[in-house]
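Number of protein chains: 2
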Amino acid sequence: MEKINIGSQGFPIPMPMAILGTHHNGSPNYMALAWVARMNFKPPLLGIAVNNKHASNTAIRETKEFSVNFPSTEMVKVSDYVGLVSGKRTDKSELFDRCYGELKAAPLIKECPLSLECKLYDTVEMATNTFFVGEIVGTWCEERFMTDGVPDIEKIKPFVLTMPDSRYWEIGRCIGHAWQDGKGLKS
Amino acid sequence: MEKINIGSQGFPIPMPMAILGTHHNGSPNYMALAWVARMNFKPPLLGIAVNNKHASNTAIRETKEFSVNFPSTEMVKVSDYVGLVSGKRTDKSELFDRCYGELKAAPLIKECPLSLECKLYDTVEMATNTFFVGEIVGTWCEERFMTDGVPDIEKIKPFVLTMPDSRYWEIGRCIGHAWQDGKGLKS
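One line per chain: the protein sequences are A and B, in this order. So in the numbering used here, the last spot in the first sequence is 183, and the numbers never skip. So in the numbering used here, the last spot in the second sequence is 183, and the numbers never skip.
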């Protein structure tokens, strides 16, 4: 069977679901986020795409700090909610319990098993979005989500988003080990 | 329980596993890739992080084109393999069947259910990696991986990578619908 061209938008790839935390006009604000990727190992850089119209975009430009929080599968509804209502019109500041690490404008969501605090490293202007590059200054997790001192994805229970079908998916079975399973193919 | 700071690298977020396709010295080359994110809707932009030492990095700078192919769970071993051996020392050009869309240096892997062809839109220099921003000029899929003319993740069967535990995971159950499940929380 032949591949056919279905245009430029219809590719359902699994994207990590996250909640962006910022301080907007001095108050915590949150936004659903799935357009996120690691960019560099040392220094540890993470990139996020945020529409230029969003309050979170203004907030990051002002404070040069943000958090990226990874919710568990139990948090699907509230994770979706923060993507439905704008921080310009709705006060989302008390939606979560929060704490802070080193940075003052990167609220860490206590309910999320895993939270990254980032300081702005670079700003890449796209057409309608900004790609903010953050340097990770701390990764925050509770011991109950770790095994032998290391965060355990089976306890964190993150989930992924696919578009344009707009569905959330849990993570399934472990099916292999990276930098290992391909060794058998070496000639 | 309190969050504790575990440093800046140990965050196991689910990242979409992909295979980067390029033309290196005129010949197809492939590389494992999971540091990838959507960046903009119109134009459709996708960003990928590639180490400056990799043959794929040189290739993209030369041809200004690349493909991003999403393998299925049946392809774990070969997907891992292309991340283990360098295109500088190993000829990976005949590892997959390939076809081409509009671009001449963006080999589409026939075995992968979903392939994007991209032309270079922007180049963001990081410390040890380059973040290549590609404009998606075509999304290629076979009808057997679609339902009602739309790519179906349950037929594509993509998988995700977590680090630093270096594990591959299949996608599990659908647990919700985006831009919908949070509506009940609107006051």
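C-beta atoms are modelled at their ideal positions from N, C-alpha and C, and glycine is treated no differently. Treat the numbers as computed from the prediction; the structure is a model and nothing was measured.
If you draw a straight line from the alpha carbon of residue i to that of residue j, how long is it in whole angstroms?
i	j	result
residue 0 of chain A	residue 40 of chain A	38 Å
residue 24 of chain B	residue 148 of chain B	28 Å
residue 58 of chain A	residue 124 of chain A	18 Å
residue 28 of chain A	residue 101 of chain B	35 Å
residue 81 of chain B	residue 72 of chain B	15 Å
residue 15 of chain B	residue 22 of chain A	42 Å
residue 3 of chain B	residue 114 of chain A	12 Å
residue 76 of chain A	residue 26 of chain A	11 Å
residue 144 of chain A	residue 138 of chain A	12 Å
residue 6 of chain B	residue 133 of chain A	12 Å
residue 89 of chain A	residue 31 of chain A	22 Å
residue 163 of chain A	residue 178 of chain B	13 Å
residue 108 of chain B	residue 98 of chain A	43 Å
residue 67 of chain A	residue 169 of chain B	17 Å
residue 146 of chain B	residue -3 of chain B	44 Å
residue 174 of chain A	residue 183 of chain A	18 Å
residue 13 of chain A	residue 36 of chain B	17 Å
residue 34 of chain A	residue 85 of chain A	31 Å
residue 176 of chain B	residue 10 of chain A	18 Å
residue 129 of chain B	residue 63 of chain B	12 Å
residue 181 of chain A	residue 172 of chain A	15 Å
residue 110 of chain A	residue 65 of chain A	6 Å
residue 53 of chain B	residue 157 of chain A	28 Å
residue 74 of chain A	residue 74 of chain B	38 Å
Leaving aside the five residues before and after residue i along the sequence, list all residues of the same chain whose C-beta is less than 7 Å from its C-beta, in chain order.
i	result
residue 95 of chain B	104 and 106
residue 159 of chain A	8
residue 131 of chain A	39, 40, 41, 114, 115 and 117
residue 48 of chain B	124, 125 and 126
residue 242 of chain B	The shown model of chain B, from -3 to 183, leaves out residue 242 of chain B, and the question about it has no answer.
Let's see if you can read the secondary structure: which residues bound the beta strand (DSSP E) around residue i?
i	result
residue 121 of chain B	110 to 121
residue 131 of chain B	125 to 137
Which residues does DSSP list as the beta-bridge partners of residue i?
i	result
residue 23 of chain A	A/20
residue 157 of chain A	A/11 and A/164
residue 172 of chain B	A/164
residue 94 of chain B	B/105
Can you list, in chain order, the residues of its chain whose CB lies under 6 Å from that of residue i, leaving out five sequence neighbours each side?
i	result
residue 193 of chain B	The displayed coordinates of chain B run from -3 to 183. Any statement about residue 193 of chain B would go beyond what the structure contains.
residue 192 of chain A	For chain A, the structure presents residues -3 to 183; residue 192 of chain A sits outside this window and is missing.
residue 151 of chain B	141
residue 127 of chain A	43, 45 and 120
residue 135 of chain B	112
residue 20 of chain A	51, 55 and 83
Just to confirm the assignment, what range does the alpha helix (DSSP H) spanning residue i have?
i	result
residue -2 of chain A	Unbroken run through residue -2 of chain A: none, as it is neither H nor E.
residue 150 of chain A	149 to 152
Here's a check: name, in chain order, each residue in its chain whose Cβ is nearer than 8 Å to the Cβ of residue i, leaving out the five neighbours to either side.
i	result
residue 122 of chain A	45
residue 78 of chain A	15, 26, 27, 28, 88 and 91
residue 61 of chain A	18, 19, 99, 100, 101, 102, 113, 114, 115 and 116
If you measure from the beta carbon of residue i to each beta carbon in chain C, is any gap under 8 Å?
i	result
residue 33 of chain A	In the structure shown, chain C does not exist; the protein chains are A and B.
Continuous beta strand (DSSP E) assignments of at least 3 residues falling wholly in the stretch 17 to 85 of chain B
23 to 29, 32 to 36, 41 to 47 and 61 to 66
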